[in-house]
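What follows is a short report on a single structure.
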Amino acid sequence: MGAAGFGALLLLLLLLLLRAAPCTGQLAGDTVFQPSFIHMSGPRVNSFFLGNSSGVNFSIILSPRDAETGKLQLANCSGSKRAGDWNLDVTPGVDTSKVTVSLSRTLELCLPNATECCPSPLCRVETLQVLACRGSVMLAQLLIQAEIFANSSFAGNVSENATIIPNQAFKPLGSCPCNLTAGACDVRCCCDLECTPDLQQLFSGSCFPGVFGGDVNPPYDQLCSSQSMEYTPEWFPFLCVQSSLDNTPFLGYFYHGSISTPKVPSFKIPLQTSPGKPFTGYREGDPVITEEDEYFTVPQQSMAGQCVGNAPVAYLHNFDVKCPTNLESYKEGLPHDVRINSGTADFIQQNVVYRAITDRGKFITESENLLAAEVLCQNVTFAEHYKFIWKDMNIEQVNVTVFRGSLCDGEILTQRFTVEFLSLNSTHGEELFENPGYQVGKPVKAANLNASDPLGSLNIWQPAGRGLCASATDRPVLFGVDSYSGCILEVDINEDCSFLRGNVTEKLNALVQATHIGKRDNSSYSDLNDWVEIIRLDPFSSNVSTGGLKGICPDIPANLNIRIIFAKVGAVQGIPLQEILAVQISYSTVLWQFQCGLGCRNTLSFLPITASVQFIEVPAQPPPPVTRYQKIYAEFDCNQNEVCWPQLLYPLTRFYTGEPYSQCLAKGLFLAFLVLLAAIMSNPWFSKLWNR
């Protein structure tokens with residue numbers, strides 16, 4: 004036999020030994036439980052018996068510990084498949100049998116005078132042994148340490164007995180409103196009588212406050228013992244109420260007094276239905292109305308960026324939107340034969356022109372490879388362009404251009420809808436600047452008057468792709484449109500804090516390339532009075548040292564706040580003339596801290612930086628100062644003061660229904676007698692007469 008044959012023989016013997024080798028923790032030819040030790044925290048647990056289970060008897064026993072040594076007592080094969088509240092189920096297999104140990108009692112906390120329940124939150128702490136025996140020989144052993152807590156939720160049967168509701172005029176409806184679960188303790192509900200003292204210690208410092216937490220009769224301001232009033236008047240001790248908290252004014256909230264018919268808001272369009280003129284014309288922002296008194300709708304984008312098919316068209320508001328769709332979800336819009344209310348007594352028919360699409364590639368953004376025999380196509384609308392010709396507050400003409408083409412199954416179509424309002428006095432389709440003020444949706448005019456080129460810009464971000472600042476584009480700030488946008492900046496763990504602050508500030512300042520903002524849309528660059536200077540508030544810096552720590556930087560100016568104050572200073576042909584009065588730019592700082600990922604292998608973290616634009620409308624002129632008469636009358640205004648002097652004699656009137664009128668009149672006359680008697684006794688001549 005050569006060396007090669009001897010090596011092959013050794014390899015064959017090694018493979019045979021490996022095949023016959025037992026598993027880890029298992030002797031050769033023995034059977035074993037896998038796993039052999041289990042820490043049990045629920046009412047059921049499973050293990051597997053590896054080996055032939057033919058002729059094997061399984062049993063479960065409770066294994067008490069020895070009081071002196073602490074060791075488990077020796078087990079024997081004389082047990083059964085039930086021990087106390089524990090059951091043992093075995094599902095035999097070919098070489099593997101499933102062993103299930105389950106608890107047969109409930110895990111609910113004990114209610115008063117209840118049995119078969121858990122007296123404490125830690126319900127069961129026991130040690131179990133599962134034995135596999137063949138005759139009197141023990142083949143394998145499974146050790147289970149059970150440590151089971153009681154359920155915090157209630158899964159029992161709720162009594163169907165009718166609850167007696169007390170009279171809500173004299174007693175609160177619920178003394179513990181936060182007690183929502185019957186037969187169980189509600190977390191943070193300290194008035195729940197079903198919460199044991201041990202459970203209440205877990206949330207004693209976080210109880211629900213107010214009426215929901217059980218304080219259904221809080222002290223009120225008129226109570227003599229109440230000190231909740233910040234400024235107590237000098238007459239308070241004489242007119243305060245001395246009463247127990249059981250007789251509280253809060254009960255009046257539940258009292259069923261006079262019933263008033265609720266005013267249900269109507270969803271109908273608020274139009275006059277007189278046969279003459281439906282209404283006197285459109286104002287800016289009013290929805291365009293059809294002949295059937297319904298909204299004239301064109302698909303538009305919502306605040307969430309999704310397209311809404313039934314969005315009404317607003318008067319003098321232009322828009323240009325793109326909406327993706329496919330053949331399965333395609334829906335036709337409003338029919339073009341619908342007549343539009345011009346704002347007077349007549350109605351306008353749309354002038355519709357249909358055209359065929361010549362270049363489908365501008366609208367089809369995605370196409371799946373399908374077999375020609377399986378493709379289903381349909382003639383659909385690719386684009387719709389609306390032009391409203393207006394004059395004053397009326398619509399004179401509506402021109403519509405519709406582009407249609409073939410859309411096939413598997414293709415994604417980007418539909419385009421545009422609405423443009425043109426004045427009747429416009430020349431060659433260009434709008435004349437009849438209204439010098441800003442209109443909603445128009446870009447805000449910015450200028451850099453300190454440079455040779457005065458053209459400036461006021462923008463916010465328009466993120467794309469992953470939302471990184473490196474790939475984000477910008478778009479102009481639109482007048483009257485509050486905006487909020489941002490992007491994500493990648494920051495290294497070893498980034499210098501001063502460099503990071505400068506980098507973030509530079510990116511935020513790049514959005515505002517201007518020193519002044521135009522008061523009106525037609526502001527002239529040569530007239531300084533047409534512009535307002537931007538008020539800049541530098542970011543706050545506390546110069547706090549991080550002590551050489553990496554990955555943490557305080558006072559990062561991550562938020563740019565743009566506040567634009569405007570007012571309506573007049574109107575041109577019924578359209579408001581809006582001007583910008585002031586612009587302020589400020590920064591909000593944050594604490595940047597490196598976020599460690601899985602295993603902290605990545606040295607890059609992300610810092611979101613944002614820019615917000617807020618338009619604040621103020622009166623064009625300051626309100627007139629309050630006159631002396633108004634100041635004096637304010638003291639007697641019952642809607643602004645707690646003490647209402649004009650209603651001092653209210654209990655003597657017919658409007659008071661708290662008591663019978665005869666009793667109120669008698670008490671009033673008695674009170675008047677006491678006042679008259681006090682006035683007489685305080686007179687000096689009465690004391691002289693009394694001394695005589």
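Residues 4 to 695 (our numbering) make up the sequence shown, in order. Built from N, CA and C at the ideal position, the CB exists for glycine as well. These numbers were taken from a predicted model, which means no experiment stands behind them.
Element boundaries [alpha helix (DSSP H), containing residue i]
i	result
Met684	664 to 684
Val507	500 to 512
Pro200	200 to 203
Leu540	From DSSP, Leu540 is part of no alpha helix (DSSP H); its letter is neither H nor E.
Test item: CB-CB of residue i and residue j under 8 Å
i	j	result
Ala570	Val621	yes
Gly521	Ile583	yes
Cys556	Cys500	yes
Thr384	Pro327	no
Val355	His339	yes
Val480	Gly444	no
Lys537	Thr508	Position check: residue 537 holds Ile in this sequence, whereas Lys was assumed. Contact: no.
Pro611	Gly459	no
Residue of the options minimising C-alpha distance to residue i
i	options	result
Cys2	Asp456, Cys210, Glu150	Here the chain comprises residues numbered 4 to 695, so residue 2 is not present and cannot be evaluated.
Val3	Asn49, Gly213, Gln650, Glu423	Since the displayed the chain opens at 4 and closes at 695, residue 3 lies outside it and no answer follows.
Leu145	Ser62, Cys188, Ser207, Val190	Ser62
Arg469	Ile491, Asn329, Ser486	Ile491
Ile292	Gly138, Val535, Ile351	Ile351
Ile64	Asn55, Glu287, Leu91, Trp534	Leu91
Thr347	Lys325, Val383, Gln309, Asp395	Asp395
Ala454	Gln516, Phe502, Thr417, Asn506	Gln516
Asn451	Asn382, Val102, Gln442, Val535	Val535
Cys227	Cys243, Gly505, Gly213	Cys243
Gly505	Phe52, Ser615, Phe543	Phe543
Val564	Phe673, Val572, Val586	Rather than Val, the amino acid found at residue 564 in this sequence is Asn. Checked all of Phe673, Val572, Val586; the closest Cα to Asn564 is Val586.
Arg523	Thr103, Ile568, Phe299, Trp464	Ile568
Arg358	Ser409, Val219, Cys472, Leu503	Ser409
Val494	Tyr659, Ser486, Leu503, Ile538	Leu503
Ser246	Pro236, Pro221, Glu237	Pro221
Ala78	Ala473, Ala669, Ser66, Lys84	Ser66
Glu129	Ile41, Gln303, Phe52, Val324	Ile41
Asn397	Tyr285, Tyr653, Ser207, Tyr298	Tyr285
Thr99	Val593, Ser57, Glu295, Cys641	Ser57
Ala675	Gly96, Leu651, Asn55	Leu651
Thr103	Trp89, Leu112, Val97	Trp89
Gln197	Leu112, Glu331, Gln617	In the sequence as presented, Gln is not what sits at residue 197; that position holds Glu. The candidate whose alpha carbon is nearest that of Glu197 is Leu112.
Leu668	Tyr659, Val678, Leu655, Met684	Leu655
Leu106	Met43, Ala187, Leu75	Met43
Leu205	Phe366, Ile392, Cys192, Gly96	Cys192
Proximity test, Cβ basis, 8 Å: residue i and chain B
i	result
Val515	The structure shown contains no chain B; it holds only a single protein chain.
Close-in-space but distant-in-sequence residues of the same chain around residue i (CB under 6 Å, 5 per side omitted)
i	result
Tyr389	Val403, Val422
Leu319	Glu287, Phe424
Cys136	Asn60, Cys80
Asn562	Ser591, Thr613
Lys325	Thr417, Arg419
8 Å CB neighbourhood of residue i in its chain, flanking five on each side removed
i	result
Val378	Cys411, Asp412, Gly413
Gly28	Unreliable positioning characterises Gly28 in this predicted model, as indicated by a pLDDT of 36, which lies under 50. A coordinate reading is not provided.
Val301	Ala314, Val316, Gly336, Leu337, Glu387, Tyr389, Phe420, Val422
Val572	Gly440, Leu580, Gln581, Glu582, Ala623
Phe299	Pro290, Val291, Ile292, Thr293, Pro315, Val316, Leu337, Val341, Ile343
Val447	Tyr441, Leu461, Pro479, Val480, Leu481, Phe482, Ile520, Gly521, Ile567, Ile583
Residue interval of the beta strand (DSSP E) (run including residue i)
i	result
Trp688	Element bounds for Trp688: not the beta strand (DSSP E) but the alpha helix (DSSP H), 687 to 694.
Pro240	First-last for Pro240: 239 to 242, but that is the alpha helix (DSSP H), not the beta strand (DSSP E).
Pro404	Correcting the residue type first, residue 404 is Thr in the shown sequence and not Pro. Here the beta strand (DSSP E) through Thr404 covers 397 to 411.
Lys394	380 to 394
Trp595	578 to 596
Asn329	322 to 329
Asp495	486 to 495
Lys571	555 to 575
Pro611	607 to 620
Arg286	That residue, Arg286, is in no beta strand (DSSP E); it is neither H nor E in DSSP.
Gly49	It is Asn, not Gly, that sits at residue 49 in the sequence shown. Note, Asn49: beta strand (DSSP E), 47 to 53.
Ser460	460 to 465
Asp477	476 to 479
Phe299	Careful: Phe299 lies outside any beta strand (DSSP E) and carries neither H nor E.
Same chain, Cβ closer than 7 Å to residue i, five either side skipped, listed in chain order
i	result
Lys334	Gly312
Leu125	Phe152
Ser527	Asp533
Leu110	Pro46, Cys121, Cys126, Ile151, Ala153, Asn154
Heavy atom of the ligand SAM within 7 Å of residue i beta-carbon
i	result
Pro95	The ligand SAM is not among the ligands present in this structure, which contains no ligands whatsoever.
Whole beta strand (DSSP E) elements within the stretch 65 to 99, 3-residue minimum
89 to 94
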